[in-house]
Amino acid sequence: IAHELGLQAQVSPIDPGLSARGRAQAMVRETAAVAVGRIIGFRRLVNLDDQLSSVRSLGLGPVG
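Last residue of the sequence shown: number 182 in our numbering, and the count goes up by one each step with no gaps.
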């Protein structure tokens, strides 16, 4: 179906230098982000991430 629509699949690369545990953590993090995005909506997820990044850059306490 994707080919008929002119879509091309892309995989999310994981750094090959990561340990098995690091690869597993990256997979869990990405899976959780997609799950949250599907529940609350990806636009809200991006906005939340932007807000958390702003707080982190200001050094206003431990976030994440």
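C-beta: ideal position from N, C-alpha, C; glycine also. Source: prediction; values computed, not measured.
| field | Residue interval of the alpha helix (DSSP H) (run including Asp167) | value | Here residue 167 is taken as the residue at index 49 of the sequence shown, counted from 1. That run of the alpha helix (DSSP H) goes Phe160 to Leu176.
| query | Between Asp133 and Val146, what straight-line distance do the alpha-carbon atoms span, to the nearest angstrom? | reply | As a working mapping, residue 133 is identified with position 15 in the sequence shown. As a working mapping, residue 146 is identified with position 28 in the sequence shown. If I take the Cα positions, the gap works out to 14 Å.
| Run through DSSP, which three-state label would Glu148 get? | Your numbering for residue 148 matches position 30 in the sequence shown. Looking at Glu148 - three-state DSSP - the assignment turns out to be helix.
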